[in-house]
Amino acid sequence: MAAGDAVQVRPRRGSLRPLLSGATLVAVLALLFGLPWWTLTVAARWPTPVQAAGTTLFVVALVAFPVLMYLGHGRRRLDAAARAGDTLLGLVWILFVWALIGNVARLPLAAMGVADPARSRFVAAGAAVVAVVLAVWGYVEAMRVPRVRRVEVTIDRLGAGLDGVRVVLLTDTHYGPIDRARWSARTIEVVNGLAPDIVCHTGDIADGTVDQRRAQAAPLGTVQARLARVYVTGNHEYYGQAQGWVEHMRALGWEPLHNRHLVVERDDARLVVAGVDDLTAASSGVAGHRADHAAALAGTDPRLPVLLLAHQPKQIGDAVAAGVDLQLSGHTHGGQMWPFHYLVRLDQPVVQGLSRHGRTQLYTSRGTGFWGPPFRIFAPSEITLLTLRAG
């Protein structure tokens with residue numbers, strides 16, 4: 138009897154999981170769409186026709202959003218649906234943030250003696266205007282060719298012959314539903330204009346397969362570097378075709394550092410350039426893929442400095458244990474859309490910039506492209522030029 142009870146309990150627990158996930162999703166969507174709807178339409182006490190029109194708009198958006206995301210990012214992967222769904226996600230996030238800030242602003246307005254409905258209408262209008270301005274500006278920032286961010290990094294073990302070596306970091310290009318082939322070509326023109334010695338791509342090349350994004354990725358084959366062009370996988374490769382991207386980057390003339398290294402040399406000074414798979418590789422089901430620092434550094438001279446490519450900043454713990462001098466990462470996008478960086482910080486030790494972790498330094502790029510919503514708000518994209526200096 139007890140055994141029979143146990144058999145009955147397990148299915149009930151399993152059946153609750155999709156219900157809980159569904160309930161959580163519904164709650165998040167209700168909050169994400171509901172707060173802007175209430176702030177911009179109901180609380181402001183606009184005339185009935187205005188409230189009706191606003192309510193209809195939000196209801197249509199709420200119903201369309203999960204459908205667009207399913208069609209765009211599910212099995213069918215329809216780019217048009219993905220573009221619409223991603224854009225809607227970005228717009229509603231901006232509205233949600235500024236509706237929240239606007240409601241907080243009610244308190245000082247009330248203290249100043251501003252009464253309803255004037256107070257609520259001021260909040261609604263202010264939130265709407267700021268959201269529109271930020272959406273336009275954020276779109277322009279996302280679609281522009283990234284600015285060059287120049288950083289000097291001193292590495293104590295670096296030999297004098299490699300002092301001043303120029304390392305360009307690309308990451309999170311996220312070639313996707315929006316065709317950015319021209320953007321890609323212009324970005325690579327900037328990279329080549331920097332006359333780099335080493336060019337690195339730390340993953341998340343694209344959202345989709347090689348066949349889907351071949352034209353957008355093609356300019357990567359024209360990258361020029363004196364010493365090396367190296368690449369490691371990001372987590373998004375494992376949503377699509379990780380091994381396919383590894384092979385395609387090799388075909389484009391890059392060295393995929395799939396838990397391996399190479400040694401570059403100039404004027405009798407040498408530098409180990411190593412790479413590991415993304416942190417999610419082990420659970421991806423792709424045979425032979427997992428982050429393996431020991432394999433990446435196997436056979437290296439322990440006296441040589443090590444430059445490591447690892448997609449996620451939180452891989453820094455293993456880099457420290459392995460005695461790495463400098464790790465290059467991306468993944469965070471610098472938060473991409475303020476104030477999302479606060480949530481990113483809960484998952485990652487660093488959101489952007491140069492940081493030190495014991496003897497190991499970490500540089501985290503804000504990313505070269507963008508993921509999903511075509512907006513960058515207070516988190517500009519970058520092409521990073523790191524000049525390495527001997528200690």
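Numbering follows this note's numbering, in which position 178 of the sequence shown is assigned residue number 315; successive positions increment by one, without gaps.
All residues carry an ideal CB built from backbone N, CA and C; glycine is no exception.
Values in this document were obtained by computation on a predicted structure and should not be read as measured data.
Proximity below 8 Å, CB of residue i to CB of residue j
i, j, result
"V410", "I335", "yes"
"G275", "F512", "yes"
"Y312", "I342", "yes"
"G239", "V269", "no"
"A527", "L295", "yes"
"W391", "R366", "yes"
"L446", "V290", "no"
"G222", "L205", "yes"
"L172", "L271", "no"
"Q361", "R317", "no"
"G495", "V457", "yes"
"H385", "D415", "no"
"D348", "H373", "no"
"R243", "R258", "no"
"L408", "L299", "yes"
"A181", "P254", "yes"
"L199", "L166", "yes"
Simplified DSSP assignment, three categories, for residue i
i, result
"P356", "helix"
"Q518", "Note on residue identity: the sequence assigns Ser, not Gln, to residue 518. S518: coil per DSSP, three-state reduction."
"S420", "helix"
"A379", "helix"
"Q485", "coil"
"A201", "helix"
"T185", "helix"
"I238", "helix"
"L157", "helix"
"H398", "strand"
"H468", "coil"
"S492", "strand"
"Q498", "strand"
"A428", "coil"
"R291", "Correcting the residue identity first, residue 291 is Thr in this sequence and not Arg. Residue state, collapsed to three classes: strand."
"G211", "coil"
"R363", "coil"
"T524", "strand"
"I315", "coil"
Residue burial classification, residue i (beta-carbon count within 10 angstroms, cutoff 16)
i, result
"D455", "buried"
"V241", "exposed"
"S420", "exposed"
"G141", "For G141, the predicted model reports a pLDDT of 40, less than 50, meaning its position is unreliable; a value from the coordinates is still stated below. Exposed, because fewer than 16 other Cβ atoms sit within 10 Å of the Cβ of G141."
"R319", "exposed"
"V144", "Model confidence at V144 stands at a pLDDT of 40, short of 50, so the residue's coordinates are unreliable; what they give is reported in the following sentence. V144 should be labelled exposed."
"T185", "exposed"
"T505", "buried"
"P245", "exposed"
"D404", "exposed"
"V461", "buried"
"G209", "buried"
"V197", "exposed"
"Y479", "exposed"
"P155", "exposed"
"R482", "exposed"
"T308", "buried"
Nearest to residue i (by Cα), restricted to the options the options
i, options, result
"M474", "T224, A217, G209", "T224"
"G467", "V347, G250, W508", "W508"
"V541", "Q378, A433, L491, P283", "Residue 541 lies beyond the residue range present for the chain, which begins at 138 and ends at 528; the question has no answer from this structure."
"V487", "P517, T176, I453", "I453"
"T359", "V277, A332, A252", "A332"
"L177", "G191, T185, L169, P186", "G191"
"A418", "L408, V400, N396, R407", "N396"
"P510", "T193, V200, A219, L172", "A219"
"I325", "T310, P314, D316", "T310"
"T497", "L483, G504, P442", "P442"
"L394", "M280, G340, A354, D316", "G340"
"C337", "L194, R303, L172", "R303"
"R440", "T346, Q353, I292", "I292"
"G371", "V457, A264, T469", "T469"
"H398", "A432, R351, R503", "A432"
"A279", "L523, L525, E519, T524", "E519"
"H426", "L208, L162, Q378", "Q378"
"L194", "M249, L408, G211, W174", "W174"
"P517", "V267, F202, V251, R286", "R286"
"F515", "I315, P314, G301, V277", "V277"
"T346", "L162, P450, D216", "D216"
"F233", "R503, V267, R212, R258", "V267"
"R213", "P314, A297, G263, V200", "P314"
"A264", "G250, R482, I231", "I231"
Distance between beta carbons of residue j and residue i, contact taken as under 8 Å
i, j, result
"D429", "V413", "6 Å"
"L499", "A459", "Going by Cβ atoms, the distance from L499 to A459 rounds to 13 Å, so no, they are not a contact pair."
"A322", "P356", "4 Å"
"G471", "Q489", "4 Å"
"T501", "V288", "T501 to V288, Cβ: 11 Å. No contact."
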